[in-house]
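Below: one structure, written as structure tokens.
Number of protein chains: 4
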Amino acid sequence: MVTQSQLLVPTLGPCTIPSPLANRHASKRRFMADDTRVLFEVEYRAGAPIDERSLEKSGPREKIFFEPAKTKAAIVTCGGLCPGINNVIRNLYYTLKANYGVQSVIGIRNGYEGLNPAQGEAPCELTDSMVEHIHHRGGTVLGTSRGPQDPVVTVNFLESMGVDILFTIGGDGTQRGAHAIAAEVTRRGAKIAVVGIPKTIDNDIKFCYQTFGFLTAVAEAEKVIDRAHIEATSMENGVGLVKLMGREAGFIAAAATIASGEVNFTLIPEAPFELAGPRGFLPKLAHRLRERKHAVVVVAEGAGQEHLADGQEEYDASGNRKLDDIGPFLKGKIEAYCREVSLPVGVKYFDPSYFIRSAHADAADSLLTEQLSRHAVHAAMAGKTDMFVGLWHNHTVHVPLALNTGEKKRLETDRDMWAAVLAITGQEDW
Amino acid sequence: MVTQSQLLVPTLGPCTIPSPLANRHASKRRFMADDTRVLFEVEYRAGAPIDERSLEKSGPREKIFFEPAKTKAAIVTCGGLCPGINNVIRNLYYTLKANYGVQSVIGIRNGYEGLNPAQGEAPCELTDSMVEHIHHRGGTVLGTSRGPQDPVVTVNFLESMGVDILFTIGGDGTQRGAHAIAAEVTRRGAKIAVVGIPKTIDNDIKFCYQTFGFLTAVAEAEKVIDRAHIEATSMENGVGLVKLMGREAGFIAAAATIASGEVNFTLIPEAPFELAGPRGFLPKLAHRLRERKHAVVVVAEGAGQEHLADGQEEYDASGNRKLDDIGPFLKGKIEAYCREVSLPVGVKYFDPSYFIRSAHADAADSLLTEQLSRHAVHAAMAGKTDMFVGLWHNHTVHVPLALNTGEKKRLETDRDMWAAVLAITGQEDW
Amino acid sequence: MVTQSQLLVPTLGPCTIPSPLANRHASKRRFMADDTRVLFEVEYRAGAPIDERSLEKSGPREKIFFEPAKTKAAIVTCGGLCPGINNVIRNLYYTLKANYGVQSVIGIRNGYEGLNPAQGEAPCELTDSMVEHIHHRGGTVLGTSRGPQDPVVTVNFLESMGVDILFTIGGDGTQRGAHAIAAEVTRRGAKIAVVGIPKTIDNDIKFCYQTFGFLTAVAEAEKVIDRAHIEATSMENGVGLVKLMGREAGFIAAAATIASGEVNFTLIPEAPFELAGPRGFLPKLAHRLRERKHAVVVVAEGAGQEHLADGQEEYDASGNRKLDDIGPFLKGKIEAYCREVSLPVGVKYFDPSYFIRSAHADAADSLLTEQLSRHAVHAAMAGKTDMFVGLWHNHTVHVPLALNTGEKKRLETDRDMWAAVLAITGQEDW
Amino acid sequence: MVTQSQLLVPTLGPCTIPSPLANRHASKRRFMADDTRVLFEVEYRAGAPIDERSLEKSGPREKIFFEPAKTKAAIVTCGGLCPGINNVIRNLYYTLKANYGVQSVIGIRNGYEGLNPAQGEAPCELTDSMVEHIHHRGGTVLGTSRGPQDPVVTVNFLESMGVDILFTIGGDGTQRGAHAIAAEVTRRGAKIAVVGIPKTIDNDIKFCYQTFGFLTAVAEAEKVIDRAHIEATSMENGVGLVKLMGREAGFIAAAATIASGEVNFTLIPEAPFELAGPRGFLPKLAHRLRERKHAVVVVAEGAGQEHLADGQEEYDASGNRKLDDIGPFLKGKIEAYCREVSLPVGVKYFDPSYFIRSAHADAADSLLTEQLSRHAVHAAMAGKTDMFVGLWHNHTVHVPLALNTGEKKRLETDRDMWAAVLAITGQEDW
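Residue numbers (the working numbering), protein chains in the order written: chain A, 1 to 430; chain B, 431 to 860; chain C, 861 to 1290; chain D, 1291 to 1720.
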């Protein structure tokens, strides 16, 4: 269990410089006192003691650490694509330049690679005209790549460039890399703030109940499921089989199932299932086909790995375990089983992952990215470091990077979201 | 200030019937103990005492009040259109029928009118094939209307039809009507649960930090603003003027501004503004045109009424004050002012309200409607009454209808959302 | 009736320069011989003589008039917005630069205004990075305005800038202006090609059976009609009333009606109608409401002007007659009539014109704009002038500007499109 | 070369019954005289003789063959999905019932299978409420399947059901089946009209310059290409590889390339290419990556089969040759080649075929399906048979099924569409 002291966020030093936002805001109440907290737990049983742990609430501080006119910020985007990265870049840029008036914002090219001058392309100075329209497009205009760099090399580079703040947009691997950078900064006694904005389309980072890009991904996935439903219902015994993102967590598969309302079986990593046998997926699918003549199946890419595993584990450059491909495997199994039980079947397989992740952020994610980015700037300008901006009970909070230990957030199958999936699909617990 | 006792929810009586969900759910943890609470306040200053007020958390109870096989539920939809109403109808229906196995679900036609046999159309029995595809369409398949009915007539009718549960989908007027019905039920000692699902595209109902349809409305509004931006930038001194919903609260205008990132002036009811004078809107707009040759202005329908009011107040059938039309008024004022200061200008006016409110729910709202509807059924089956399902710190909770006293939730201009609008538009506090 | 000699297109002189396309194209057959023609009429009655009139077919010529490396082209966009203008700009640019290798392409700012140095902004040199992404956005990046300029001033300016080719993107007013410019060029014996690409969202230019932007407008209008249908069916006696573009021609209203399949009454300028009386629109609408409880009405902006006219005619800067607003007029008439016959009614009025015209081109219009633009460049490089690129029996052709005499193409109510509207709406001929 | 006599359409007999449309149409001119023709060729070289071959123009005839009140029509949908099938069903139904007043319209289930009572499901009687909303959804509500049935069995079944008209919606295989049915009808001297509406998403049926569903497919494909472009540009040396439909004809690949404007290489069956060597695709791609750091490649499914073929040919139930999968093959080749030349590369592969074909018809295709369906009904009611409704120089015409000999329409690489692809991609002829 996380202790209160683990929830405290490091700072670079005392804040003595009046925020330039004071000139713009009529109301003092828009500043957030530094001792404002958000309770870690809001749910409790009547009569039980209230859990007093809390997280630091983000927001603009009246006094800040960095002097804007002398401050240089850098932005780096890492890992796989996710709707909203360009929004984050644009919002960071405008908040830094137009609101705080910082001197310079540079864009690191192609992920952490761009922080190693021996390997990557040189950074670019961001300008109004470069970022003006980028939120209408998916992807990242800065480019991305996978994998870490040596923190010593990185901090050398940041110091040589005169960077005061580094914003790291990426998943848990990226934020572990950011933590290593922050540690190297501390070791040197340098004054560089390292502030993360968590990016995971799978929504599997702890201390963020929802990450940007997730709702857009669900919306895009819903459209694909709708098409799979059309394929399935336009022939006899049609099966629409949709593989969705979700390496270790089934959030997209579950949420897209709920949003769609047309799915009959949802398979996620957190709910292992059997293929054959009385409670097995294949006989249940065959039963459904006999009853209703069609079915829609959604499978998260990390589901059912137990049926595929061959004892060997491989990892990609981001340190994510490589998965065998459950989609074609399941397609083959369905076809083989139906052949076996003499049930003619037509399986239409959809693998829309790149299509989904390269979408631009929808309005809900535009709102979320704006909030996270603006608060990341407030945190960094106030000298907060070695942290990311999390979302907690609908409040933005400061989360120490040290808490990001590599364990992923997973869908709890005894909570509401999975109950919704069971209610809607009619499938039983496996 | 709301007291703890005001936060308690009435019930029809003790729950003695085992929930049929027990057969479907492997895990007991999916049931929610009746004494689970959600803190009213989660934000506090370090050192200050924690506010212990709390709301009742919603969710399936292990024991329920109504015997499903003998239960008849009715659904009524009232007031203006809002994305997601059909999702609510569909989700209520499936949860009641497929999950709880209730005997019958009827649809009341055309709002409260349909609860008065002297005035309205007879209800219809809902079936699978009727509701199967309705979530893909906006509007309400049951029809809607404005205005209340005599609670005595209504309860007579409900009793004559053998209705055990009435779900009321509507705004604060509708929920006040529901409260009156619940009071009449209590007066008679009848056992009819009255459970609301708040519907307000303006997002202005208290105790729901976000209502369904709101995000869809923002997404649609963002598209309109984008078009207004195109009109404004395709000519010299073009002004795209967009009127959005928001009679007493500027949430849609503010959120669409943030999501869009292209708006220069956002006018909402909560932030009164001057037209002329050094801090006035018109000179500032003219200044912007001279500097940048185009501008995008978003105005909530309830904004600037102080400039229009003529002393007379009229009200519509729902009890909402009729507003003068700020859109054409502002268009005229802009044109007149620019003529006066010899600035050629082209104002393109957009009034997309009906277009926006008749959209179908996007994925985010599909998720929200599913959650609210399912929890409304859980509440009703457990005999909760005179309440609606609210959303609080991202938890669904039971909110007593008695708390809905007619005061609307308004955008607090000294909190984060308005700060975001000021940051993005660059406009100052008026 | 048009004579064959009127169908001949002027040229600046003999083509003696080998086309640079020869290096790129393996096949000679991709060049179009200059004497290739497209028949004016393809429909005939068996036995009748075939009409031998024909238009000049467009396409790349093996020999061209202008020497690319010394050629400077200018692009001007005039009149109201229409989906696809940016595509035309982009395609003209790339065909000129990347395919022909011309020296320079400049963009005239804000319509013909930009051809008058005393009045408009200076032109800008177009570059790859300026036009790269513009086809994803509606509007025109060059800006637009209404109204002509003195051809003498214009040609002075073109000569002073060293412009060899002027592409005029605009409606019939713009093309009449282009014709005047071409006449002034001829008078001076200058060698400037003037080539138009017709732009009219209303699809009302003769010799183009379909103009770019029209299909996108129909697609956008269909969405609006769908929302109007939802409003109409979500209440008792709901009427969705949609005003669409179409000043003198009802093509958008008719096509959107057909595409939608949900419209009950379509009112266009070409089919005058009565309001009252046995064949009148209002009694028929009331009849429909009594039978079916809802109705969708589409009205072109130029329809029913006979009911509004007050004897005074006004014209805008493009020379288009100003219309009274049929939309609100019709809304008022419907409400008044229903009050009179004691039929409660709710009219929801949609006026989406700016929303529609500022959309970006859909795929069909992207194809059309690419074809028209490329062929406009082929024509201009071959020294064709005083012409626009038309679409005739699905072939692109050269149309002399002299044929554009101000008479608009109108929907023929005794041909197929109006038959389709009658078939779908079930409305009778008025 | 097709002779004039081959262009003549069979009829069941003389038309003696006055069309019921006469009552609805004020204008006689809306009827089409039976001897109205559309020229086969409209393009000619000045001075050359005009080709006098012609096709029969479709449209409502004043006298018809079938007595509506006694007429029963059947609709069958065959082969793969294509946007617009439901529109065709809906439009056939409404034209038959609402305009002509035929007695009954039945839907054959699951393709030709449903015309064999020993094998398929029984037909269903179509009603207003069944077809009302189906045009908003992709797929086919009647179901589909591949493969023919014995024409003797089929005609036995049609006679037993009392069917007078059979509408066959399908590709060239389906229309060959329809031709066999018509032959069997003729052999018996039965009076059953067989009228086809060509359906091929690949746009590869002769005598139809554009088939329904094609433009929708191009629009959906354009969106996928846009996402592939985003993936390609969000990393160093990214390649977006998109496989599109097009077994024997590259129309979708070519048109999507033109509409998108972002493709660098387009591979289609009609333009064979080399992989290696100085003019090979792989070295050219590597060159592009070195110059521009990203590339987008579109490949039609039937392209490059020469690189895959293993001497064995297999066919599916519709008689289409089974293709090896060029997509993964090409991905592998690109990765191997880049490894060989030490060029780091990231290939993102998109295979959106099912997603595209299950879309609903966009507005352009809604217009086309309406036109084709209405004219198919006019033809059938006038006793035309053994024909399909084609689109020729933008006119709907009657095309004898006997002309559909199995040869597909292919993209002519020396004509305009391929010239456009070369112009836009900058690729040379291979």
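By construction, the Cβ of each residue, glycine as well, lies at the ideal position given by its N, Cα and C atoms.
For V1366 (chain D), no CB of chain A lies under 8 Å from its own CB, so it is not counted at the interface with that chain. The way I'd put it, the stretch 124-139 of chain A doesn't touch the stretch 35-45 of chain A; fewer than three beta-carbon pairs between them come closer than 8 Å.
Interface annotation, I756 (chain B): not in contact with chain A, CB-CB separation never under 8 Å. Shown here for I1284 (chain C): same chain residues with a beta carbon closer than 8 Å to its own, the five before and five after excluded, namely T1117, I1118, G1121, V1123 in chain order.
Scanning chain A for C-beta atoms nearer than 7 Å to the C-beta of G1570 (chain D) yields nothing, as the closest lies near 26 Å away. For L289 (chain A), the closest C-alpha among the options A:G319, A:G346, A:P10, A:V242 is that of A:G346. According to DSSP, residue pairing for P878 (chain C) in a beta bridge involves C:K923. One Cα belongs to E704 (chain B), the other to P758 (chain B), and the distance between them is close to 17 Å. DSSP places K409 (chain A) in the coil class of the three-state scheme, outside both helix and strand. Under the Cβ distance rule, N1254 (chain C) counts among the residues neighbouring chain D, one pair being separated by less than 8 Å. Counted as a single uninterrupted DSSP element, the beta strand (DSSP E) harbouring I165 (chain A) occupies residues 165-170.
In this structure, B:I480 is the residue among B:I480, B:L485, B:R460 with its C-alpha nearest to the C-alpha of T36 (chain A).
In the displayed model, T570 (chain B) falls within coil according to three-state DSSP, outside both helix and strand. For R45 (chain A), the enclosing beta strand (DSSP E) covers residues 43-45. Contact note: K1208 (chain C) reaches chain B through Y784, using a C-beta cutoff of 7 Å and chain order. With respect to the 8 Å criterion, A1053 (chain C) and T1229 (chain C) are not classified as neighbours on the basis of their beta carbons. Going by DSSP, F251 (chain A) is part of the alpha helix (DSSP H) stretching over 251-260. Sequence-distant Cβ neighbours of E614 (chain B) in its own chain, meaning closer than 8 Å and more than five residues away, are P581, V582, T584, V585. For I1616 (chain D), the closest of D:L1633, D:T1417, D:A1593 by C-alpha to C-alpha distance is D:A1593. Contact annotation: in the stretch 1498-1521 of chain D, residues whose CB is within less than 9 Å of a CB in chain A are K1513, V1514, D1516, R1517, A1518, H1519, I1520, E1521. Under the three-state reduction of DSSP output, T127 (chain A) falls in the coil class, being neither helix nor strand. When only Cα atoms are considered, I1375 (chain D) and I1459 (chain D) end up about 8 Å apart.
Following the DSSP letters along the chain, one finds I968 (chain C) in no beta strand (DSSP E), marked with neither H nor E.
Our two residues, E1082 (chain C) and Y349 (chain A), have alpha carbons roughly 31 Å apart in a direct line.
DSSP places V775 (chain B) in the coil class of the three-state scheme, outside both helix and strand. Considering only B:K763, B:L738, B:I698, B:G577, the residue with the shortest C-alpha distance to Q857 (chain B) is B:I698. Using a 10 angstroms sphere on the CB of H1154 (chain C), the tally of other CB atoms reaches 16 or more, which defines it as buried. Put simply, the CB of T1285 (chain C) is far from chain B, with every gap to its CB atoms at 8 Å or more.
The contact set of K1347 (chain D) on chain C, defined by CB atoms closer than 8 Å, consists of E903 in chain order. Taking 8 Å as the cut-off, the beta carbon of D365 (chain A) is found closer than this to the beta carbon of L215 (chain A). Taking C-beta atoms as the reference points, S145 (chain A) and A379 (chain A) fail to come closer than 8 Å. In summary, the residues of the stretch 987-1013 of chain C whose CB is separated from some CB of chain B by less than 7 Å are R997, G998, G999, T1000, G1003, T1004, S1005, in the order they occur in the chain.
By a beta-carbon distance limit of 8 Å, A730 (chain B) contacts A683 (chain B). Their separation comes to about 4 Å.
Bridge pairing for I1128 (chain C): absent [DSSP]. Counting only runs of at least 3 residues, the stretch 1233-1266 of chain C fully encloses the following beta strand (DSSP E) elements, listed from N- to C-terminal order: 1247-1252, 1255-1260. Residue-level contact check: S366 (chain A) touches chain B, since one or more beta carbons of chain B fall below 8 Å from its beta carbon.
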